[in-house]
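Enquirer: Chains as they are written, first to last, in the working numbering: chain P, 3 to 114; chain V, 354 to 464. For every residue, glycine included, the Cβ atom is placed at its ideal position computed from N, Cα and C. These numbers were taken from a predicted model, which means no experiment stands behind them. The structure under discussion is supplied below as structure tokens; questions concerning it will follow.
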Amino acid sequence: ELKVEQNPLFLSMQEGKNYTIYCNYSTTSDRLYWYRQDPGKSLESLFVLLSNGAVKQEGRLMASLDTKARLSTLHITAAVHDLSATYFCAVEMVGGAQKLVFGQGTRLTINP
Amino acid sequence: GAGVSQSPSNKVTEKGKDVELRCDPISGHTALYWYRQSLGQGLEFLIYFQGNSAPDKSGLPSDRFSAERTGGSVSTLTIQRTQQEDSAVYLCASRSGYEQYFGPGTRLTVT
Numbered sequence: 003e004l005k006v007e008q009n010p011l012f013l014s015m016q017e018g019k020n021y022t023i024y025c026n027y028s029t030t031s032d033r034l035y036w037y038r039q040d041p042g043k044s045l046e047s048l049f050v051l052l053s054n055g056a057v058k059q060e061g062r063l064m065a066s067l068d069t070k071a072r073l074s075t076l077h078i079t080a081a082v083h084d085l086s087a088t089y090f091c092a093v094e095m096v097g098g099a100q101k102l103v104f105g106q107g108t109r110l111t112i113n114p
Numbered sequence: 354g355a356g357v358s359q360s361p362s363n364k365v366t367e368k369g370k371d372v373e374l375r376c377d378p379i380s381g382h383t384a385l386y387w388y389r390q391s392l393g394q395g396l397e398f399l400i401y402f403q404g405n406s407a408p409d410k411s412g413l414p415s416d417r418f419s420a421e422r423t424g425g426s427v428s429t430l431t432i433q434r435t436q437q438e439d440s441a442v443y444l445c446a447s448r449s450g451y452e453q454y455f456g457p458g459t460r461l462t463v464t
């Protein structure tokens, strides 16, 4: 059974600082997704990582995937208040349905 | 363009009643998913439709849950004899290529 674990689950940081959210998963998969969720809103796609060594960047966020270690990271550079949200990683199950197994989410709060 | 839409946005129902939740996927997307987001269980897969193939129902938590997709487009998730543990946000997603695009969700509260 595929399990996905994120850490930390809660993160409070100051503007301008850097930090990393980790996403570990238990069985083989080559596809990993990062989503952002604002309170009361749906999931917004941030990154799709499709192969080992994939790295994608958008603004102050950068995501990477190491399929051998079964680990993805979401790195935040020089955080700003607007990045406050809950971040989910999701791993695609191998097989026909391409269904996603989600991590618990990391609630990120960035303080001025 | 139009995204995935869901209705109603909020639904309050009494325990034991049946409810229907609707999802309109993005036009042309043949794959459609239902997920549930609750405090206790996080985000979990419920059911998957792909074209005319038999749906993957492996995530449905009990036989009180069912879903159908008519004409390869609109989908309805039905929960019979609702229980308090069914309270959650029900999210629908449709897929193009690798990406799943999520709708705004239906918040279901069972009293």
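Would Q106 (chain P) count as contacting chain V if we go by Cβ distances under 7 Å?
Expert: Here residue 106 (chain P) refers to the residue found at position 104 when the first sequence is read from its first residue. Residue-level contact check: Q106 (chain P) touches chain V, since one or more beta carbons of chain V fall below 7 Å from its beta carbon.
Enquirer: Keeping to the same chain, check which residues put their C-beta closer than 6 Å to that of D371 (chain V); ignore five residues upstream and five downstream.
Expert: In the second sequence, the residue the question calls residue 371 (chain V) occupies position 18. Excluding residues within five positions, the ones whose Cβ falls inside 6 Å are Q433.
Enquirer: Secondary structure at D68 (chain P), three-state DSSP: helix, strand or coil?
Expert: Looking up residue 68 (chain P) in the first sequence gives position 66. Strand, per DSSP.
Enquirer: For a test of the three-state rule: what should DSSP assign to L461 (chain V), helix, strand or coil?
Expert: Position 108 of the second sequence holds residue 461 (chain V). Strand, per DSSP.
Enquirer: Take L399 (chain V) as the anchor and find which of V:D377, V:S419 and V:G356 has the nearest alpha-carbon.
Expert: Counting from one through the second sequence, the residue named residue 399 (chain V) turns up at place 46. Of the listed residues, the one whose Cα sits closest to L399 (chain V) is V:S419.
Enquirer: Tell me the residue span of the beta strand (DSSP E) that contains Y37 (chain P).
Expert: Residue mapping note: residue 37 (chain P) aligns to position 35 of the first sequence, counting from 1. Run containing Y37 (chain P): L34 to Q39, per the beta strand (DSSP E) assignment.
Enquirer: Ends of the beta strand (DSSP E) at K43 (chain P)?
Expert: Counting from one through the first sequence, the residue named residue 43 (chain P) turns up at place 41. Counting along the chain, K43 (chain P) falls outside any beta strand (DSSP E), and DSSP gives it neither H nor E.
Enquirer: Would you kindly check if the distance between the Cβ of I379 (chain V) and the Cβ of Y454 (chain V) is under 7 Å?
Expert: Taking the first residue of the second sequence as position 1, residue 454 (chain V) is located at position 101. Taking the first residue of the second sequence as position 1, residue 379 (chain V) is located at position 26. In this structure, I379 (chain V) lies closer than 7 Å to Y454 (chain V) by Cβ.
Enquirer: Tell me which residue opens and which closes the beta strand (DSSP E) that G395 (chain V) is part of.
Expert: Along the second sequence, read from residue 1 onward, the residue named residue 395 (chain V) stands at position 42. Run containing G395 (chain V): G395 to Q403, per the beta strand (DSSP E) assignment.
Enquirer: Whose C-beta lies closer than 7 Å to the C-beta of P457 (chain V) among residues of the same chain, with five residues either side of it excluded?
Expert: The residue given as residue 457 (chain V) occupies position 104 in the second sequence. Hits under 7 Å: Q359 and S362.
Enquirer: Please confirm if L377 (chain V) has its CB atom under 7 Å from at least one CB of chain P.
Expert: What you label residue 377 (chain V) is simply residue 24 of the second sequence in a count that begins at 1. Note that residue 377 (chain V) corresponds to Asp in the displayed sequence, not to Leu. So no, D377 (chain V) is outside the interface.
Enquirer: Could you say if the segment 42 to 54 of chain P and the segment 19 to 30 of chain P meet the contact criterion of at least three C-beta pairs nearer than 8 Å?
Expert: no
Enquirer: Would Q76 (chain P) be called buried (16 or more neighbouring beta carbons within 10 Å of its own) or exposed?
Expert: Locating residue 76 (chain P) in the first sequence gives position 74, where the first residue counts as 1. According to the sequence as given, residue 76 (chain P) is Leu; it is not Gln. L76 (chain P) is classed as buried because its beta carbon has at least 16 other beta carbons within 10 Å across all chains shown.
Enquirer: Starting from the beta carbon of K70 (chain P), find every residue of chain V whose beta carbon is closer than 7 Å, and list them in chain order.
Expert: On the first sequence, residue 70 (chain P) is found 68 positions in, with the first residue counted as 1. Those within 7 Å of K70 (chain P) in chain V number zero; the least Cβ separation is about 21 Å.
Enquirer: Check whether the segment 33 to 47 of chain P and the segment 71 to 91 of chain P touch, using three or more Cβ-Cβ pairs below 8 Å as the test.
Expert: yes
Enquirer: In chain order, what residues of the same chain have a beta carbon less than 6 Å from the beta carbon of G374 (chain V), not counting five sequence neighbours either side?
Expert: The sequence position of residue 374 (chain V) within the second sequence is 21, counting from 1. Looking at the sequence provided, one finds Leu at residue 374 (chain V) rather than Gly. Excluding sequence neighbours, L374 (chain V) sits near L430, Y443 and T459.
Enquirer: Verify the CB distance criterion: does V6 (chain P) have a CB-CB separation below 7 Å to chain V?
Expert: Counting from one through the first sequence, the residue named residue 6 (chain P) turns up at place 4. Chain V, which has no Cβ nearer than 7 Å to the Cβ of V6 (chain P), makes this no.
Enquirer: By the three-class DSSP mapping on this structure, what secondary structure does H382 (chain V) have?
Expert: In the second sequence, counting from the first residue as 1, residue 382 (chain V) sits at position 29. Coil, per DSSP.
Enquirer: At the level of alpha carbons, what is the spacing between V463 (chain V) and L102 (chain P)?
Expert: Translated into positions along the second sequence, residue 463 (chain V) becomes position 110. Translated into positions along the first sequence, residue 102 (chain P) becomes position 100. Cα-Cα distance, rounded: 26 Å.
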